[in-house]
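Residue numbering for the sequence shown follows the UniProt record's numbering, starting at 1 and increasing by one per position. Glycine is no exception: its CB is placed at the ideal position from the N, C-alpha and C atoms.
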Amino acid sequence: MNTAAKRHNGPAMANHHHGHHSHESHESSGNDCIQEEGGMQTELISNHYGSGGYDYGAPPAVEEKMRRDLKFFFMNPYEKYKARGRKPYKLGLQIIKIVFVTLQLILFGLNQFTQATFFEDNEKAFNNIFLKDWDPTYDSFAYPKTRQLYALYLKEGVYEHLDYAVYKYSQLERIAVGTYEFETAQSRDIHNMTLCNRHFLNVNLSNGKFDVNASTKTDCLTFEVSPDKNISMQQFLKDNDFTMSFDSMIQMQLKFSIRSLHIKDLAMFLNPDCVRFNITILYDYSIHGGRIAVSLSEQHSIFNCSNKVVGEEEAHVISYLVAAYDIFIVFLCLLSLLLCCRSLQRGRRLKKRAKTFFKRYYDRKLTRLEKLEFLNFWYIMIIISDLLTISGSIVKLLLEWLITTDYDVCSILLGTGCFLVWLGVLRYLGFFPKYNIPIITLKSAMPNCLRFMVCGVILYMAYGFCGWIVLGPYHHKFRSFNVAIECMYSLINGDDMFATFDEMSDKSTVVWVYSRIYLYTFISLFIYVILSLFIALIMDTYETVKACQGRHRSHTELEAFIDQCDDRPESGCYRRKKKKKRRKTWKSLCNCRRSSSSSDETTPLLH
């Protein structure tokens, strides 16, 4: 038989021998692990190719080199160190990076939480100062929120509320405990306030008839208040021809700005920040239900201001050290990113070599699953974490230099980056049999879990839309679709069940009965059936993985091809000699001994 015929008949012969060999092996061993895929059971025998495997057409030297290169590529860092003395630089770098990135996150979090507390306390202070008859209990975190009860019901009460806010603003520097001051221009204080009224053009109701022009318009009036003079807003608006009809009003806003000083812990050599608060008091009458909801909101920004602080030089030194620390982390992440990109490039080149090798000598193409073996998704995750950490560190530097004040973007980038950095360590724990069971379980159960979750989400959304539209008008937990979904998720976890039943309004008997049927069926179905099946699905995979632990199976023909290489990492067969003389000496002296069993030293292609 010529070489071409051997290449052509090789795969067919391999498939024939493989099927016969798998059948005999299955009858002789009752401990073989069985993997279900697509409803079909396929026996994955570790000695996928024995003496009756491929009728290989590749030269023995070329075949051995390819097999060893593939096996070396899929070794873990410790095996690579024993095989070629390659030091695990990426592992060491990840350990160093996780320490520095976590410390950076902690330092940023302490500073951020200090500022968040400062802004929250000021918002509570503004509520108590500018909102008439404000009850401190409105600031509590009780559920449901009592702040929604704060509202106005009389026209006279609206004008009194405006008078109260204007007066408190004019006297702010004198009466407030906080460090506040007005905006300044040309060395004088500016006590400006702006009142905006958004309303319909016309709403007229008389003798049972109404005339409505649904077009909207916004009128604004800017005025200056004096600390020495109190004004009546009702008369003031009338004098300035600022008409305000409650029948046509949609919402009204009272806007003003003040400045403050955030004095940080000076023992940590942190300079104070100059803060500007843009405050808005909103009178919302968009529903026209006889009730004007009142709320206060503030938008803050940090700006540069002339300052003098004792110990300012030490503060600058600390600031420079923090900036240098952030730049060092950027350098670490760039180095990690380059190493991971280099490893991905090596995998791509080896995949290209393997494709050419199998196509040339065995006339077969690598399957999609075999090609994915060369793509290490752990490296992709580390690259993403590096990009996020680099971006977060740059935003953090901009925050330190007061170029931006967007702490939320920085926290999202740093938090997600640190999360992925910690997950990246799982890759190295996965090389130890005692620690890799959770990783293998999640990887094996993921396809079935995703298919199961598709059905569960469809059922969940069906209940969500039904509960929102039926129970929403009578239950505040179903008042919006988003809140309804969150309430249902809490019910699945057994949270606040009785309150959900008890808070259902009994104004409609039909809806009340319907709510009982709805809640009982939803809770019973998802807790006792859906959730139990989901847990059982994962537990079944866990038991299978635990039973198969230590028994490497060849999932693909590529793995079976690699498993025929019995050279142990410490055998010396994987080392590369740079000098020609050493190569000749090595070829004459090296006698690569192969272990009688490869099951102990062969590791799964786990990515």
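Answer with buried or exposed for Val-395, where buried requires no fewer than 16 other C-beta atoms within 10 angstroms of its C-beta.
-> buried
Where Gln-186 and Lys-255 are concerned, what is the direct C-alpha to C-alpha distance, given to the nearest angstrom?
-> 22 angstroms
Hey, out of Leu-372, Asn-376 and Met-539, whose CA is closest to Cys-449's CA?
-> Met-539
Do Ser-286 and Ile-250 have their CB atoms nearer than 7 angstroms?
-> yes
Nearest-angstrom Cα separation, counted from Asp-189 out to Ile-292 | 33 angstroms
Residue nearest to Leu-398 in terms of C-alpha spacing, selected from Val-510, Phe-126, Phe-303 and Lys-71 = Phe-303
Use the C-beta contact count for Trp-468: other C-beta atoms within 10 angstroms, 16 or more gives buried, fewer gives exposed.
-> buried
Alpha carbon to alpha carbon, how far is Gln-564 from Thr-367?
-> 19 angstroms
Measure the C-alpha to C-alpha separation of Asp-326 and Ile-384 and round it to an integer number of angstroms.
-> 18 angstroms
Can you give the Cα-Cα distance for Val-409 and Ser-393, rounded to whole angstroms?
-> 11 angstroms
Which term fits Val-457, buried or exposed, when burial requires 16 or more other beta carbons within 10 angstroms of its beta carbon?
-> exposed
Phe-277, DSSP secondary structure in three states | strand
Do you know offhand how far Asp-406's Cα is from Leu-321's?
-> 22 angstroms
Would you mind giving the Cβ-Cβ distance between Lys-132 and Tyr-164, rounded to the nearest angstrom? I have them listed as a contact below 8 angstroms.
-> 4 angstroms
Complete beta strand (DSSP E) runs within the region 491-567 (minimum length 3 residues, chain order) = none
Nearest neighbour of Ile-96, chosen from Leu-414, Tyr-518, Ile-329 and Asp-502 [CA to CA] | Ile-329
How is Phe-303 classed by DSSP in three states: helix, strand or coil?
-> strand
For Thr-389 and Ser-515, the rounded distance between their alpha carbons = 48 angstroms
Hey, Ser-508 and Tyr-474 are a contact pair by Cβ (cut 8 angstroms); roughly how many whole angstroms apart?
-> 6 angstroms
Going by DSSP, what residues sit across from Tyr-180 in a beta bridge?
-> Ser-260
Three-way DSSP call (helix, strand, coil) for Leu-152 in this model | strand
In this structure, what does DSSP give as the bridge partners for residue 618?
-> Nothing in the structure corresponds to residue 618, since the chain is present only between 1 and 607.
Answer yes if the region 418-435 comes into contact with the region 485-493, meaning at least three C-beta pairs across the two stretches below 8 angstroms, and no otherwise.
-> no
Helix, strand or coil at Phe-100 according to DSSP, with G and I counted as helix = helix
Hey, how far is the Cα of Phe-126 from the Cα of Val-421?
-> 41 angstroms
Output yes or no for whether 7 angstroms exceeds the beta carbon distance between His-316 and Val-275.
-> no
Could you name each continuous alpha helix (DSSP H) segment of 4 residues or more that falls completely within the region 324-392, going from the start of the chain to the end?
-> 368-372
Could you tell me how far apart the beta carbons of Met-233 and Leu-172 are, in whole angstroms, since I believe they sit closer than 8 angstroms?
-> At roughly 17 angstroms, the Cβ-Cβ gap does not stay under 8 angstroms, so Met-233 and Leu-172 are not in contact.
To which residues of the same chain is Cys-590 closer than 6 angstroms at the C-beta, ignoring the five residues directly before and after it?
-> Note that Cys-590 scores a pLDDT of 46, beneath 50, so its modelled location is shaky and nothing firm can be said.
When DSSP labels each residue in this structure, what does Gly-50 get in the three-state scheme?
-> Note that Gly-50 has pLDDT 39, beneath the 50 cutoff, so the model's placement of it is unreliable and the number below is only indicative. Note: Gly-50 maps to coil in three-state DSSP.
Roughly how many angstroms separate the alpha carbons of Phe-498 and Val-513, rounded to a whole number?
-> 16 angstroms
Does the distance from the C-beta atom of Leu-471 to that of Phe-465 stay below 7 angstroms?
-> no
Quick one: what's residue 611 bridged to in DSSP?
-> Not covered by the structure: residue 611. The range shown for the chain is 1 to 607.
Boundaries of the beta strand (DSSP E) in which Ser-215 is found, first to last residue | 209-224
Three-state secondary structure assigned by DSSP to Arg-451 | helix
Looking at C-alpha atoms only, which residue of Gly-178, Arg-575, Thr-541 and Gln-112 is the closest neighbour of Ile-437?
-> Thr-541
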